[in-house]
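Chemist: According to this note's numbering, the stretch in the sequence shown is residues 802 to 984, in order.
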Amino acid sequence: MKKIAILFSGAGSNLAYILEHLHQKKVEVVLTISNNPNAKGIKYAKKYNIPCVIIDSKAFALREDFDNALVEEIQKHSIDLSVLAGFMRILTPVFTDNIKSINLHPSLLPKFKGLKAIERTYKSDDEFGGVSVHWVNSELDAGEIIVQKQISKVGLSFDEYLEQIKTIEKIALCEAIEKSLLI
Ligand code: GRF
């Protein structure tokens with residue numbers, strides 16, 4: 802089975818979904834990394850007995866040094882693919898040139914790159930919003946798209962829109978993991 806690492810920063814609902822639906826069925830999650838020592842998602846790695854390495858981004862003055870610590874940790878394991886699932890860090894070429902990875906972003910890229918994508922999509926005049934999973938390169942939220950899913954915003958409150966995004970992003974991410982491991 803192909804081996805993956807999952808990087809996350811917060812609630813970890815995408816991590817939990819991957820563990821429940823793909824782990825030891827389609828892929829093996831052998832490593833998780835959080836840059837946030839207080840991330841709620843750490844409990845999911847513990848539940849499945851998967852190592853969760855905390856690399857506290859606040860402890861590094863330079864982005865490159867933080868990225869180097871990530872690369873060293875990932876390279877200790879034989880990882881086929883790293884998955885950025887709610888990993889709220891901008892990565893430098895120290896990471897992107899060395900680690901094959903995919904990222905989940907909650908907008909229809911190339912629209913609404915960067916932070917607050919769900920809020921900005923909702924406030925826009927666009928009829929559709931959605932989620933994207935893309936290959937990671939050195940440009941923020943700009944690598945080749947692997948999977949995209951869209952929903953209509955028409956008639957939805959923000960909370961309803963958010964809930965639908967949180968649902969489809971997990972399905973999109975799992976599809977993209979399977980698809981990118983075939984390449
Ligand atoms: C997701 O909405 C993801 O698209 C965004 O950050 C959120 C992470 O959620 N970039 P979680 O930590 O997986 O619950």
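The beta carbon of each residue, even a glycine, is placed where N, CA and C say it ideally should be.
Note that the structure is predicted; figures quoted are calculated from it, not measured.
1) Report the option in 804, 983, 971 whose CA atom is closest to the CA atom of residue 879.
2) Below 6 Å, is the gap between the Cβ of residue 815 and the nearest heavy atom of the ligand GRF?
3) In chain order, what residues of the same chain lie with their CB nearer than 6 Å to the CB of residue 888, ignoring the 5 residues before and after it?
4) From the DSSP output, in three-state form, read off residue 904 for me.
5) Counting pairs of Cβ atoms below 8 Å between the region 927-938 and the region 903-913, do you hit three or more?
6) Could you name each continuous alpha helix (DSSP H) segment of 4 residues or more that falls completely within the region 864-922, going from the start of the chain to the end?
7) Closer than 6 Å to a non-hydrogen atom of the ligand GRF - does that hold for the CB of residue 821?
8) Below 7 Å CB to CB, which residues in the same chain sit around residue 802 once its five sequence neighbours on both sides are set aside?
9) If contacts are defined as beta-carbon pairs under 8 Å, then residue 969 and residue 952 qualify, I think. What distance do you get, rounded to the angstrom?
Modeler: Looking at the atomic coordinates:
1) Taking the first residue of the sequence shown as position 1, residue 879 is located at position 78. It is 804.
2) Within the sequence shown, numbered from 1, the residue matching residue 815 stands at position 14. Indeed, a heavy atom of the ligand GRF lies less than 6 Å from the Cβ.
3) Position 87 of the sequence shown, counted from the first residue, corresponds to residue 888. The answer, listed in chain order, is 808, 809, 810.
4) Position 103 of the sequence shown, counting from 1, holds the residue named residue 904. Secondary structure at residue 904: strand, using DSSP grouped into helix, strand and coil.
5) Result yes; three or more Cβ-Cβ pairs closer than 8 Å.
6) For the region 864-922, whole alpha helix (DSSP H) runs of length 4 or above, ordered along the chain, are 864-876, 894-897.
7) Residue numbering aside, residue 821 sits at position 20 when the sequence shown is read from its first letter. Because no heavy atom of the ligand GRF lies under 6 Å away, the Cβ of residue 821 does not count as near it: no.
8) The residue labelled residue 802 in the question sits at position 1 within the sequence shown. Contacts found: 828, 829.
9) Counting from 1 along the sequence shown, the entry for residue 969 is found at position 168. Counting from 1 along the sequence shown, the entry for residue 952 is found at position 151. Confirmed, Cβ separation roughly 6 Å.
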